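If you want our numbering, it's the position in the sequence shown, counting the first as 1, plus 814. To start, the structure under review is shown below, and the notes come after it.
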Amino acid sequence: MTDSQAYTPPKVWTWDAENGGKWGSLNRPIAGATHEQELPVGAHPFQLYSMGTPNGVKVTVLFEELLAAGHDAEYDAWLIRIGDGDQFGSGFVEINPNSKIPALVDRSGDTPFRVFESGAILLHLAEKFGAFLGRPEDRPELLSWLMWQMGSAPYLGGGFGHFYAYAPEPMEYPINRFAMETKRQLDVLDRHLAGRDWMVGDDITIADIAIAPWYGRLVKGEAYDAGEFLSVQDYKNVVAWADRFFDRPAVQRGKMVNRTFGDPAEQLWERHDASDFDTKTQDKVQAAE
815 MTDSQAYTPP KVWTWDAENG GKWGSLNRPI AGATHEQELP VGAHPFQLYS
865 MGTPNGVKVT VLFEELLAAG HDAEYDAWLI RIGDGDQFGS GFVEINPNSK
915 IPALVDRSGD TPFRVFESGA ILLHLAEKFG AFLGRPEDRP ELLSWLMWQM
965 GSAPYLGGGF GHFYAYAPEP MEYPINRFAM ETKRQLDVLD RHLAGRDWMV
1015 GDDITIADIA IAPWYGRLVK GEAYDAGEFL SVQDYKNVVA WADRFFDRPA
1065 VQRGKMVNRT FGDPAEQLWE RHDASDFDTK TQDKVQAAE
């Protein structure tokens, strides 16, 4: 359908599985498993099942930051290939009935339990270790920005990103609508970050860790090939904040985990030990084959 063709919704909607664009295979109008597939379990207290999308990166960055700060937060990160439908396997659906990455099983106590939704995982881990939460008096502000990210990012990813980069055909109205909203959100961040280094208080928190993989990546020109289109260089405070965030060694490690695209030297498909960053990135795996 082009912009010039009028669309009249039918009286009853029916699913057209062939009309979903690049990521159409990820979407369907029902929940539940499509096939039997058990999840592997490693040796560490935390078992993460994820992929290196912005939502996945949030959690692996927090794990690496916790480890760098000296916390006993060792984890296994297993790759869930969402393009292959791994998120619809029975084992994954058991720990996340919403079939979205990331999902975590906390095995640090006597009874394992699941945590799903990236914001919930960040908050669970930060509270468990008492880290990256800022000062107690800053908690309402931190929670506000954490919830802002979860409510705003769908307009960036599922809205702007989808219609600008992935839809079957470019359509002026949705691209303009979501470009406007994305730029409004960037302006919200830019105004907030004026005169401050981090989102809340004087140091990095889970608010930064939640927001930067989406909006920091965008202003670094790494999302949807849309940097010029959105004039991201105009949001100078966001750019400076993103530079501070991505310059952190733990963040750089976290970005690599469960990553399946880009430079093979920056792809660590699975992470089971800190030494994996030195020995099991895809450039080394490919060289050994």
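For each residue, glycine too, the CB sits at the ideal point set by N, CA and C. Just so we're clear, the structure is a prediction, and the values are computed from it rather than from any experiment.
Along the chain, where does the beta strand (DSSP E) containing D1022 start, and where does it finish? First-last for D1022: I1020 to I1025, but that is the alpha helix (DSSP H), not the beta strand (DSSP E).
Roughly how many angstroms separate the alpha carbons of V826 and D1057, rounded to a whole number? 48 Å
Let me know the secondary structure DSSP gives V826 once reduced to three states. coil
Is the distance from the Cβ of L1000 to the Cβ of W1055 below 7 Å? no
Report the rounded CA-to-CA distance for P859 versus F930, giving the unit in angstroms. 16 Å
Buried or exposed for E951, please, with buried defined as at least 16 other CB atoms from any protein chain shown within 10 angstroms of its CB. exposed
Which same chain residues end up closer than 7 Å to A883 when comparing Cβ atoms and leaving out the 5 residues on each side of it in sequence? A945
May I ask you to check if the CB of L937 is nearer than 6 Å to at least one heavy atom of the ligand NAP? Ligands are entirely absent from the displayed structure, and the ligand NAP is therefore not among its contents.
Length of the line joining the Cα atoms of M865 and V871: 8 Å
Okay, do the segment 956 to 964 and the segment 914 to 928 touch, 3+ Cβ pairs below 8 Å being the bar? no
Complete runs of the alpha helix (DSSP H) confined to the segment 862 to 906 [at least 4 residues]: 868 to 882
Look up H849 in the DSSP assignment and give the residues it is bridged to. G903
Give every residue of the same chain whose Cβ lies closer than 7 Å to the Cβ of V907, excluding the five residues on either side of it in the sequence, and list them in chain order. G846, A847 and S913
Between the CA atoms of G965 and M815 - distance to the nearest angstrom: Unreliable positioning characterises M815 in this predicted model, as indicated by a pLDDT of 42, which lies under 50. The coordinate reading is nonetheless provided below. Looking at the two C-alpha atoms, the distance is approximately 29 Å.
Same chain only: Cβ atoms within 7 Å of D1022, ignoring 5 sequence neighbours per side: W1012, M1013 and F1059
Alpha-carbon to alpha-carbon, R1067 and S1089: 11 Å
Helix, strand or coil for A945, going by three-state DSSP, please let me know. coil
Enumerate in chain order the residues of its own chain whose CB-to-CB distance from A1024 is below 8 Å, with the five nearest sequence positions on each side excluded. K872, S932, G933, L936, W959, L960, Q963 and M964
Close beta carbons around D817, own chain, < 6 Å, minus the five adjacent residues each side: Caution is warranted here: a pLDDT of 49 is assigned to D817, below 50, making its placement in the model unreliable, and no coordinate value can be reported.
Considering Cα atoms alone, identify which of A967, H976, T874 and R998 is closest to V1065. T874
Coarse secondary structure for A917, derived from DSSP in three states: strand
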